[in-house]
Amino acid sequence: MPVINSGAGKDVLFLHGYLSNKESFYYQIKFLSQYFRVTAPDIIGFGGAARLDKAYSLDDYCAWLERFIKEAGIEKPHIIAHSFGARMALKYLSANPEAAEKLVITGGAGLVKPRSKEYIRKVKAYRRVKRFFPKFAEKHFGSAEYRTLSPVMRESYKKIVNEDLKSCAEKIQNQTLLIYGDKDTTTPWNEEGKTFNSLIKGSRLEIIEGGHFCFSESAEAFNKLIYEFLI
């Protein structure tokens, strides 16, 4: 399995975002490996990891995560998770708080927002068109991200984004730091960030310069925050 292992000491596990890979955390891996034993895998279905053999739900990804931690010999790590990786961390730790120590979420996703009338109209139009012209519907409806996915990944994607993690966030017992970019339009800090901050007891919300990948865009500021939080 494609994975980066670097450094020595307390375990730190990185979980990357959707359609991303372990290298997205390049600056954090390079920095934290001076102080910790860092592990950064390509999550199944992404990067150089094996392709999905079925449409994974978030529960399936959490089962994969549990197996990976055991097989990699990782002991109660600090977890640093981005976007989709944060979905995994929230779902997994809500049921297994003892499986990790501290949690860092950046650009965390997992909130299902009320559907607008426009969204509902688009879904109905998609279903009508798909009934008679399935190839046309798949090519012209949905986000650009969705249209790049294979059929199996599309089914998995729908399972993932339609699961609301508010109840999971409320169950988190791990000390948690939330870091969002001030220009993040994918998971805005004043929506996702503030909501997760209110749901996760004792969590702290920090806003730094950057977008959805603020940990790469403002690596020095991000690394300073996580170092002070983890040490």
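Residues in the sequence shown are numbered from 792 upward in steps of one, following our numbering. In this text, a Cβ means the ideal position worked out from N, Cα and C, and glycines have one as well. If you're wondering where the values come from, they're calculated on a predicted model, not measured in any experiment.
Those residues which DSSP pairs with residue i across a bridge
i: I970; result: T897 and E997
i: D802; result: R828
Which of helix, strand or coil DSSP assigns to residue i
i: G808; result: coil
i: V794; result: strand
i: I911; result: Note on I911: pLDDT 42, under 50, position unreliable in the model; the coordinate value appears next. Here I911 sits in helix by DSSP.
i: A1010; result: helix
i: F987; result: helix
i: P942; result: helix
i: K957; result: helix
i: V903; result: coil
i: I1022; result: coil
i: N981; result: helix
i: F932; result: Legend: pLDDT at F932 = 48, less than 50; position of this residue unreliable, value from coordinates given subsequently. Looking at F932 - three-state DSSP - the assignment turns out to be coil, as it is neither helix nor strand.
i: I1017; result: helix
i: I951; result: helix
i: I820; result: helix
i: K992; result: coil
Of the residues the options, the one placed nearest residue i, counting alpha carbons only
i: L810; options: N1014, G798, D833 and L823; result: D833
i: K882; options: T986, N1014, D955 and I999; result: D955
i: K867; options: G876, V829, G898 and I896; result: V829
i: Y1018; options: E961, S994 and V895; result: V895
i: F837; options: S885, K861 and L940; result: L940
i: L902; options: L884, W980 and G798; result: W980
i: C1005; options: L1021, T977, I870 and S989; result: T977
i: G798; options: A960, K821 and G839; result: K821
i: T897; options: V794, D802 and Q819; result: Q819
i: N988; options: S1007, H1003 and L968; result: L968
i: Y826; options: I835, G839 and D802; result: D802
query: Enumerated in chain order, which unbroken segments of the beta strand (DSSP E) with a length of 3 residues or greater are wholly contained in the region 832-897?
result: Entirely contained in the region 832-897, the beta strand (DSSP E) runs reaching 3 residues are, in chain order, 869-873 and 894-897.
- prompt: Should the region 944-955 be regarded as contacting the region 966-975, the criterion being three or more beta carbon pairs within less than 8 angstroms?
  reply: Too few Cβ pairs lie closer than 8 angstroms, so no.
- prompt: Below 8 angstroms, can you find three or more Cβ-Cβ pairs linking the region 975-990 to the region 886-894?
  reply: Contact fails: fewer than three Cβ-Cβ distances are below 8 angstroms.
query: Is the region 843-850 touching the region 804-824, taking contact as three or more C-beta pairs under 8 angstroms?
result: These segments do not touch.
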